[in-house]
Amino acid sequence: MKFRTIAELVEIAESEQMPISEVMIRAEMEATGESRESIFRMMEQNLDVMEQAIHRGLTEDIRSHSGLTGGDAKKIQAYKNKAKLLLSGPTVLDAVSRATAVSEVNAAMGTIVATPTAGSCGILPGCVFTAANRLNSDRETMVRALFVGGAIGYIIANNACISGAAGGCQAEVGSATAMAAAAVVEMAGGTPSMSAQAVAIALKNMLGLVCDPVAGLVEAPCVKRNAMGAAIAMVAADMAMAGVESVIPPDEVVEAMYKIGRDMPVALKETALGGLAATPTGRALERRIFGGTPK
Amino acid sequence: MKYRTVFDIIGPIMIGPSSSHTAGAARIGRAARALFGRKPKKVTITFYGSFAKTYRGHGTDIAIVGGVLDFDTFDKRIVDSLKIARDQGIEVVFRESEEVPDHPNTARILLEDENGSTEVVGISIGGGKMEITELNGFSLNLSGNAPTLLVLHHDRYGAIATVAGILARHQINIGYMQVSRKEKGSLALMTIETDQSVSEEVKAEIEAQEGITGVTVLS
Chain A
1 MKFRTIAELV
11 EIAESEQMPI
21 SEVMIRAEME
31 ATGESRESIF
41 RMMEQNLDVM
51 EQAIHRGLTE
61 DIRSHSGLTG
71 GDAKKIQAYK
81 NKAKLLLSGP
91 TVLDAVSRAT
101 AVSEVNAAMG
111 TIVATPTAGS
121 CGILPGCVFT
131 AANRLNSDRE
141 TMVRALFVGG
151 AIGYIIANNA
161 CISGAAGGCQ
171 AEVGSATAMA
181 AAAVVEMAGG
191 TPSMSAQAVA
201 IALKNMLGLV
211 CDPVAGLVEA
221 PCVKRNAMGA
231 AIAMVAADMA
241 MAGVESVIPP
251 DEVVEAMYKI
261 GRDMPVALKE
271 TALGGLAATP
281 TGRALERRIF
291 GGTPK
Chain B
1 MKYRTVFDII
11 GPIMIGPSSS
21 HTAGAARIGR
31 AARALFGRKP
41 KKVTITFYGS
51 FAKTYRGHGT
61 DIAIVGGVLD
71 FDTFDKRIVD
81 SLKIARDQGI
91 EVVFRESEEV
101 PDHPNTARIL
111 LEDENGSTEV
121 VGISIGGGKM
131 EITELNGFSL
141 NLSGNAPTLL
151 VLHHDRYGAI
161 ATVAGILARH
171 QINIGYMQVS
181 RKEKGSLALM
191 TIETDQSVSE
201 EVKAEIEAQE
211 GITGVTVLS
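Those protein sequence lines, which keep their order, are chains A and B.
Oh and the first sequence: position 128 is 128 in full-length UniProt numbering, straight run, nothing missing.
Oh and the second sequence: position 48 is 48 in full-length UniProt numbering, straight run, nothing missing.
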């Protein structure tokens with residue numbers, strides 16, 4: 001059940017005729033010696049925490065300590081319910097608002113599940129809960145979706161990187177987007193190979209994305225990148241379900257992401273020295289939040 | 001493989017806002033507390049790299065102190081850890097270093113009380129995962145993923161065989177082992193990750209051997 005690459009993961013799934021989630025569950029059982037029940041229960045607990053974070057973000061008045069973020073998830077939901085015509089669509093906006101909700105709760109130091117990181121914690125729950133609503137999925141399908149996302153994240157983390165400090169936002173929000181795309185494809189009944197194509201399509205559209213947090217906080221632009229990551233994941237999943245394939249295979253997209261991350265200057269890898277953090281407004285906000293002391 | 005299980009990716013359950021800066025930092029602080037073995041009187045935390053640049057906004061400071069107070073990543077008390085430390089009579093000092101570290105998210109933690117001190121260097125490698133890379137001047141590679149035995153010993157022949165022999169007799173399997181020393185013939189540190197947990201009894205047996213000067217068990 002050991003897999004190191006996405007190609008190997010798909011190959012095992014196809015030859016054993018099982019979904020990606022099952023390959024991941026079996027690999028986890030082998031690696032840890034834990035029972036299927038205990039592994040499943042642990043993942044279900046993650047799903048519960050995700051659900052609570054979505055609920056908080058969509059119902060409570062969430063504000064971060066800095067005041068930079070909060071309240072947008074509710075705004076998007078209200079607009080979706082009220083607007084006569086939507087320019088994107090209700091499913092995309094549901095995923096976007098849920099991803100925003102979790103990300104806002106994170107910025108406000110609330111309880112979340114790092115998927116794969118805290119800075120990118122909105123995307124997988126945003127997509128999984130939206131897909132579940134849309135597809136009438138049961139709890140087990142949702143938990144399984146987290147194992148699919150986990151399998152993809154596991155491969156990206158071990159072959160490349162998942163933190164903004166190491167690889168820029170493409171590594172962080174990018175890997176979460178790829179994970180979510182693969183996860184919802186399985187929920188929708190797509191094949192392991194379609195999940196893999198969704199990974200490639202989603203991650204390609206995150207390549208080069210820098211990590212430039214304003215005032216060094218996980219808020220701006222992180223919350224909105226979670227929102228758009230969810231939108232990209234949902235569309236990438238639909239494209240893969242339609243049979244669209246990536247010209248560059250998924251593992252090579254991951255490798256390209258890793259190399260781009262290494263080539264990226266340190267100023268654009270979470271140090272708040274460049275990008276949006278270094279704009280006049282970014283600097284002014286930094287001074288307002290932390291006082292005049294240079295950081 | 002840096003990431004061993006699916007829960008390294010989907011998880012941990014944690015207090016926001018940053019898995020590297022908050023959850024990973026809390027875990028570094030908690031490992032430091034475990035290595036010190038008791039509540040410290042004073043903690044000096046030096047931040048390097050990205051930690052030094054952004055620790056205030058990410059709550060890295062409160063997370064490490066929360067870890068030193070033995071809080072887990074999802075413990076809501078992390079938010080108030082500076083105040084809790086003060087109430088418990090722990091003096092906390094923060095320093096920012098300009099030195100360029102090997103890893104962008106590096107922290108050095110010095111824990112002290114009247115009976116001694118322990119200095120730990122930890123790195124936060126992303127997604128809430130951390131590694132301890134230095135303990136009292138010895139370089140090591142400690143992930144905290146498995147039960148770990150740290151044995152401080154005189155750098156002489158036979159010491160490693162003795163410890164390995166005791167573990168074997170108690171049917172404890174070694175998954176990973178590393179020996180580091182500052183210079184030949186002086187003190188050395190064995191870091192042994194085991195598949196089974198190490199009981200107090202086994203620990204005492206190792207401690208009683210000649211040339212062994214200290215044993216710490218992390219589980």
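Virtual Cβ for every residue (Gly too), placed ideally from N, Cα, C.
- 8 angstroms or more divides the Cβ of A83/A from the Cβ of G57/A.
- Residue nearest to K41/B within the set S124/B, D113/B, G144/B, M190/B is D113/B (criterion: CA-CA distance).
- For F7/B, the residues of chain A that pass the 7 angstroms Cβ criterion are M42, in the order they occur in the chain.
- At a cut-off of 8 angstroms between C-beta atoms, P116/A counts as an interface residue with respect to chain B.
- Cβ-Cβ separation between A7/A and D251/A: approximately 6 angstroms, consistent with a contact (criterion under 8 angstroms).
- The residue from Y55/B, I212/B, R38/B with its alpha-carbon nearest to that of S124/B is Y55/B.
- Contact between L69/B and G144/B does not hold, since the beta-carbon distance rounds to 17 angstroms and is not under 8 angstroms.
- Annotated three-state conformation of F147/A is helix, per DSSP.
- Residues of the region 160–171 of chain A whose Cβ lies closer than 7 angstroms to any Cβ of chain B, in chain order: C161, I162, S163, A165, A166.
- In the structure shown, E28/A adopts helical secondary structure according to DSSP, grouped into three states.
- Taking every protein chain shown into account, the CB of Q197/A has 16 or more other CB atoms within 10 angstroms, so this residue is buried.
- Secondary structure of E104/A (DSSP, three-state): helix.
- Contact between the region 80–99 of chain B and the region 255–273 of chain A is absent, with fewer than three C-beta pairs closer than 8 angstroms.
- The CB of Y3/B comes closer than 9 angstroms to the CB of P116, G153, Y154, A157, N158, I162 in chain A, given here in chain order.
- Inside the region 36–75 of chain B, DSSP marks whole beta strand (DSSP E) runs of 3 or more residues at positions 42–48, from first to last along the chain.
- Judged by DSSP secondary structure, S143/B falls outside any beta strand (DSSP E); it is assigned neither H nor E.
- At a cut-off of 8 angstroms between beta carbons, E28/A contacts chain B.
- With respect to the C-alpha of K182/B, the residue from L135/B, K39/B, A168/B, S199/B having the closest C-alpha is L135/B.
- Secondary structure note for S66/A: it is in no beta strand (DSSP E), with a DSSP letter that is neither H nor E.
- Inclusion of G168/A and K269/A in the CB contact set at 8 angstroms is warranted, their separation being smaller than that value.
- By the neighbour-count criterion, in which a residue is buried when 16 or more other Cβ atoms sit within 10 angstroms of its Cβ, G149/A is buried.
- Inter-residue distance for F290/A and G282/A is about 12 angstroms (C-alpha atoms, whole angstroms).
- In chain B, no part has a C-beta under 9 angstroms from the C-beta of T141/A; the shortest such distance is about 15 angstroms.
- Under the 8 angstroms Cβ criterion, the region 207–225 of chain A does not count as touching the region 36–45 of chain A, having fewer than three qualifying pairs.
- T22/B and G59/B have their alpha carbons spaced roughly 6 angstroms apart.
- Pairing L87/A with K80/A gives a Cβ-Cβ distance that is not under 8 angstroms.
- Distances from the CA of K129/B to each of S117/B, A25/B, V198/B were compared; the closest alpha carbon is that of A25/B.
- Residue pairing by DSSP places T91/A opposite no residue, since no beta bridge is assigned to it.
- The beta-carbon separation of A181/A and A171/A, rounded to 16 angstroms, does not stay under the 8 angstroms limit for a contact.
- For G126/A, the secondary structure class from DSSP, reduced to helix, strand or coil, is helix.
- Rounded to the nearest whole angstrom, the CA to CA distance from K203/B to Q209/B is 10 angstroms.
- Considering only A52/B, R30/B, I109/B, L35/B, the residue with the shortest C-alpha distance to I78/B is R30/B.
- By the C-beta density criterion, T117/A is buried, having at least 16 other C-beta atoms within 10 angstroms.
- M179/A and V266/A have their alpha carbons spaced roughly 26 angstroms apart.
- The region 154–200 of chain A contains, as complete alpha helix (DSSP H) runs of 4+ residues, the segments 164–167, 169–187 (chain order).
- When 7 angstroms is used as the limit between beta carbons, V49/A is near these residues of chain B: I13, in chain order.
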